[in-house]
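In terms of this note's numbering, the sequence shown opens at residue 9 and continues consecutively.
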Amino acid sequence: MAALGNMLDTAVSALDPVTVMMSALSKPTLLVDIDDTIAYWTYAMAQRMMVNTQDPPLTSASQNNLGDEWDTLLIGDKVTIISAMVADPQAVFGLRTLREIGFPIVIWSDRGLLLQDYTAAWARVWGLTYDRLQTGDYGWKRTQFDQFGPSNPAILIDDKEDLCAAFKGPGRNAILRRWPWTNTNACPDVRAVDSWVEIVRALPGVVAPDLELQEAT
Ligand SMILES: [Mg+2]
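Take a look at the structure:
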C-alpha cells in the first residue's frame, strides 16, 4: 500500500500550480517497463522451462503457457525466474545517461506487488538507475495512466503493444520495444524500436550520446 500511496501523493502534488509549471518546464517522466524492455524476460522463461531433472517443476498448471499466466505462478517460481534474468547492458547505460541529462525515471512493472523488494534488489545487482521503482499486480500500470498528461507529461517505454496504444494521448507518448514476435499492427501510431540505442535517440531533446562508442571502451 505504501507504493500506491506514493503514486497518489504524486498525483495530488501535480495539482499544485508551481508543480504544474515546473513539470511543464522539465523533461517528461520516463515510465520504463522491466520485463522484455530492460531485461531479457522471455529468455529467462525459456531457460526455466527447459527440461532439467535437477530443477523442481514449476508449481502451477500454467507452466505450458506462462506468457499470460504469470500471476498464477507461486512466488518462489517468480523469484527463480527473475533471478535468472539478465539486464540489457544498453538499457543500463541508457538509463544512467538519460537520468544524468534530466529525465525523471520511473521503473515499473506489473509482475506483482509482492515482488517490489526483490525487484529493487535485482535492479541494484544490475546497476539500474532510476528515481522510483514500483511493482504492482497485473493490470496495475493502466490504473496509473490518468495522472500523466499535459501538466505532467510522460513517455511510456514498454514491449506491450496494447499498453503503448492505450497510453498515447495529450502529454503522453510511447515507444514500443520491439521483438521478433511483436505485433506492431496492434499499435500503428506508436514508434517501434529494436534497441536501447534507438530508444535514447527517439527521445525529445536528446543529443544522441554515442552509446556504441561508450560500450566499446
Ligand atoms: Mg514487459
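Just so you know, even glycine gets a beta-carbon here, dropped at the ideal spot from N, CA and C.
- Under the DSSP assignment, Asp170 falls in the alpha helix (DSSP H) whose first and last residues are Glu169 to Phe175.
- In the DSSP assignment, Asp154 falls outside any beta strand (DSSP E) and carries neither an H nor an E.
- Asp202 and Gly213 have their alpha carbons spaced roughly 20 Å apart.
- For Ile109, the secondary structure class from DSSP, reduced to helix, strand or coil, is coil.
- For Arg199, the beta-bridge partners assigned by DSSP are Ile183.
- Nearest neighbour of Met53 by Cα position, chosen from Ile89, Arg180 and Pro161, turns out to be Ile89.
- Cβ contact annotation for Arg185 (same chain, cutoff 6 Å, sequence separation greater than five): Thr45 and Asp167, in chain order.
- In this structure, the beta-carbon distance from Val100 to Leu39 does not fall below 8 Å.
- Between Leu121 and Lys149, the C-beta gap is not smaller than 8 Å, which leaves the two residues out of contact.
- Cβ neighbours of Ala200 within its own chain (closer than 6 Å, five residues either side excluded): Leu184, Arg186 and Thr192.
- When the Cα atoms are used, Ile207 and Trp189 turn out to be separated by approximately 18 Å.
- For the pair Asp125 and Ala47, the CB atoms are not nearer than the 8 Å cut-off.
- Within its own chain, the residues whose Cβ lies closer than 7 Å to the Cβ of Cys195, once the five positions on either side in sequence are excluded, are Glu169, Cys172, Ala173 and Leu184, listed in chain order.
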